[in-house]
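Novice: Pasting a structure here, questions to come.
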Amino acid sequence: MSKKNFLYLYIVVSLLWIFGTDFLLTFVDSQSTMLFLQKLKGILYVCFTSILIYVLIVRKEEFETVTEEKKQLKTLINSMVDFVNFKDGNGRWLEANEAGLKLFQLDGVDFRGKKDSELAKYTDFYHDALMYCETSDKEAWKAKEVTRCLEYIPLPNGEIRTIDTIKVPNFNDDGSRHSLVVIGRDITEHLNTEKDLSMTKQQYQSLFENNPDMVYVLDLDGNVVNVNRQFEKITGYSADEFNGKRIVSLVTEEFQELLRENLLNSILQGKSTTKETKIIKKDGSISDISCTTFPMMLDGEIVGVIGYGRDITAIKETEAMLRKAEKLSVAGELAASVAHEIRNPLTSIRGFIQLMKSEETASNKAFHNILLDEIDRINDIVSELLLLAKPQELNYVKARVESIMSSVFGLLESQSNLYGVELNSKIIGTLPEIDCEPNQLKQLFINIIKNSIEAESTKVNITIKNTDNGFVQIIVKDNGCGIEKDRIKRLGEPFYSAKEKGTGLGLTVSYRIVQAHKGQIRYASEVNEGTEVEILLPVTID
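So the sequence shown is numbered by the working numbering: it starts at 1 and just counts up by one.
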């Protein structure tokens, strides 16, 4: 009812009340009764009017409140970047915010009371999109609950915007449709960000897992949070076995303090450091590792440490071999330059001493023998020097190691008896013939066994057997004084010897012979417990 019609109704009712009640009072005979009824009529009219005025005031306040709330709601939805739309039970638009109108190019269109299909006529570009809205509305009404779906809205510039659409159907008490609230949020940037983050994460994960170096992530306490596959390959520990453990427990004791300092520098000073260290692998072996640690930053704060470890054991061994080869080369050059010059005068001196010996007397016989022994010793040293000179091409022949060793036993028997050392030989299984230069192998075995005899031993055991990987293994084990660990590293260096009159050339020559035969030689020793030398010689030399 309009305000004008309501006013007309009020006037008519009031006039009917006034004239109708006055007409009825004409039928009253008693004057006092008439006066009473007239006052009652006025009182009733005042009460009715008061009630009406009160109702109007209350309705006005409610209307003003609703108007204010509606205004606030409109301000709120217009401030939202999301598309907000209110529809009635028949799908007619009741309200929409500016974002929604702009999205569908309906700015300036009187949308209230119109359906999506009617509004589609106002925009050619979004005609199909608005028509689809009616279809999706029906699905929401049919579901009778909040529905959510992704809708793809094209833009005039060719972009496709992804809209996360939520539709909330409301029903009357009798189950009939009341209204539909539609909220659409543009999540295109969010999806793009998620896609970029996913790609970045995959790239990081790929770099982490497929890195040729071992990579480990630590928390601020130095505990392992994550490791890659290379970590397991190098150390032998899987992620499940080592996660949560302190990284310093992996390194040898001598390097633990150095590693702690590196971690502190990364955490406290935000610096990256690179140091070489040694780790103890799961199988107990030790490897040289080059470690680089740097701080892991998050929002400008250091939250942990990332470390890279590269196994440089092979590089270290190669460097040691190169240094040894360089020393051998130097020794070879030295030998080549002086050996022949020394041997020539030695030959003359020996000849004259032997000539003098033919006329010796009892008083100078001992001196002649000493001179000859010392000249022979010098000649042996010169022979060893000559072996260090530029290697000559070897003529490999098939020979048996046990036969060569038997010949060596015959040569060293007198020396072992002199030192009181028991020599034992044990051959396990059937040995094949190997490609070798027999005289050089004889020299090799003499040098090794002679060292064991002179090492304050009482027993030297030699074991020979065939291996499964194409080698013949010779193990020489004594129970002598042993060798310190720091000295084992230097064995084979020219002119390095612990013997009082030793030159160190014997082992140098031995290493050269093993190298020429493409074999391997390893030392294991404990002080006062003895030494074990393992020699591996290939059956066939390619």
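Glycine included, each C-beta is placed from N, C-alpha and C at the ideal position.
The structure displayed is predicted, hence computed values, not measured ones.
State the Cα-Cα distance for the pair V168 and T147, rounded to the nearest angstrom.
Specialist: The alpha-carbon atoms of V168 and T147 are separated by roughly 7 Å.
Novice: Please report how far the alpha carbon of E95 lies from the alpha carbon of L52, in whole angstroms.
Specialist: Going by the C-alpha atoms only, they are around 33 Å apart.
Novice: Are the CB atoms of K459 and L412 within a distance shorter than 9 Å?
Specialist: The answer is no: Cβ separation not under 9 Å.
Novice: Report buried or exposed for P212, applying the criterion of at least 16 other Cβ atoms within 10 angstroms of its Cβ.
Specialist: With fewer than 16 other Cβ atoms within 10 Å, it is exposed.
Novice: Are the region 222-229 and the region 240-252 touching, with three or more C-beta to C-beta distances below 8 Å?
Specialist: The region 222-229 vs the region 240-252: in contact.
Novice: I need the DSSP call for N461, collapsed to helix, strand or coil.
Specialist: It is a strand residue.
Novice: Report yes if the C-beta distance between H517 and E433 is below 9 Å; otherwise report no.
Specialist: No, the Cβ-Cβ distance between H517 and E433 is not below 9 Å.
Novice: Taking the alpha carbon of L263 as the reference point, which residue from T235, P295, D283 has its own alpha carbon closest?
Specialist: Residue P295 is the option with its Cα nearest to L263.
Novice: Give the DSSP-derived three-state secondary structure of S117 in the structure shown.
Specialist: In the structure shown, S117 sits in a helix (DSSP, three-state: H, G or I).
Novice: Go ahead and pull the three-state DSSP assignment for K501.
Specialist: Model confidence at K501 stands at a pLDDT of 49, short of 50, so the residue's coordinates are unreliable; what they give is reported in the following sentence. Coil.
Novice: So the beta strand (DSSP E) M296 belongs to, where does it begin and stop?
Specialist: Element bounds for M296: 286-298.
Novice: Mind checking who T165 pairs with in its DSSP beta bridge?
Specialist: Its beta-bridge partners are C149, G184.
Novice: Can you tell which of E261, S510, P345 has the C-alpha that lies nearest to the C-alpha of V305?
Specialist: For V305, the nearest C-alpha among the options comes from E261.
Novice: Considering Cα atoms alone, identify which of N479, V408, L536, N417 is closest to D468.
Specialist: The residue with the shortest Cα to Cα distance from D468 is L536.
Novice: Taking N424 as part of the beta strand (DSSP E), name the residues at either end of that continuous run.
Specialist: Here the beta strand (DSSP E) through N424 covers 422-428.
Novice: Compute the Euclidean distance between the alpha carbons of E209 and E319, then round it to the nearest angstrom.
Specialist: Each residue's Cα considered, the two are about 30 Å apart.
Novice: On the DSSP letters alone, give me the boundaries of the beta strand (DSSP E) that G304 sits inside.
Specialist: Looking at the DSSP string, the run of the beta strand (DSSP E) that includes G304 is 301-311.
Novice: What whole-angstrom Cβ distance do S425 and F445 have, given they're in contact under 8 Å?
Specialist: About 11 Å; that fails the 8 Å criterion.
Novice: What's the gap between the Cα of Y10 and the Cα of L25?
Specialist: Going from the Cα of Y10 to the Cα of L25 covers about 22 Å.
Novice: In whole angstroms, what is the alpha-carbon distance linking S238 and T252?
Specialist: Cα to Cα, S238 sits roughly 19 Å from T252.
Novice: Within 10 Å of its beta-carbon, does T293 have 16 or more other beta-carbons around it, so buried, or fewer, so exposed?
Specialist: Buried: at least 16 other Cβ atoms inside 10 Å.
Novice: Does the region 85-103 touch the region 177-185, meaning 3 or more C-beta pairs lie closer than 8 Å?
Specialist: Contact holds: three or more Cβ-Cβ distances are below 8 Å.
Novice: Can you tell me whether H127 is helix, strand or coil according to DSSP?
Specialist: Helix, per DSSP.
Novice: Residues bridged to Q473 by DSSP?
Specialist: Paired residues: K465, L536.
Novice: Mapping the DSSP letters down to three states, classify V12 as helix, strand or coil.
Specialist: Three-state result, V12: helix.
Novice: Per the contact definition of three or more C-beta pairs closer than 8 Å, is the region 48-63 in contact with the region 139-159?
Specialist: No, the region 139-159 does not touch the region 48-63.
Novice: Check whether the Cβ atoms of K465 and V533 sit closer than 9 Å, and answer yes or no.
Specialist: Their beta carbons are not under 9 Å apart, which means K465 does not touch V533 by this criterion.
Novice: Determine the direct distance from the alpha carbon of E151 to that of D164, and round the result to whole angstroms.
Specialist: Roughly 6 Å separates the two Cα atoms.
Novice: Thinking just about the alpha-carbon of each residue, which of L218, L491, V421 is nearest to the one in A455?
Specialist: It is V421.
Novice: Take T274 and list the residues in its own chain whose beta-carbon comes closer than 6 Å to its own, dropping the five residues that flank it on each side.
Specialist: Cβ within range, chain order: T292.
Novice: Please report the straight-line C-alpha distance between G75 and T49, rounded to a whole angstrom.
Specialist: Strictly speaking, residue 75 in this sequence is Thr, with Gly absent from that position. Their Cα atoms are separated by approximately 38 Å.
Novice: Could you check where the alpha helix (DSSP H) with L411 kicks off and where it finishes?
Specialist: It spans 401-419 - the alpha helix (DSSP H) in which L411 sits, taken as one unbroken run.
Novice: How about I234 and I279: are their beta carbons less than 9 Å apart?
Specialist: Against a cut-off of 9 Å, the Cβ pair of I279 and I234 comes out as a contact.
Novice: Indicate whether I475 and L441 have their beta-carbon atoms separated by less than 9 Å.
Specialist: No, the Cβ-Cβ distance between I475 and L441 is not below 9 Å.
Novice: Nearest to N265 by alpha carbon, out of D288, L298, S290, I302?
Specialist: The shortest C-alpha separation from N265 is found at I302.
Novice: State the Cα-Cα distance for the pair I448 and I521, rounded to the nearest angstrom.
Specialist: If I take the Cα positions, the gap works out to 11 Å.
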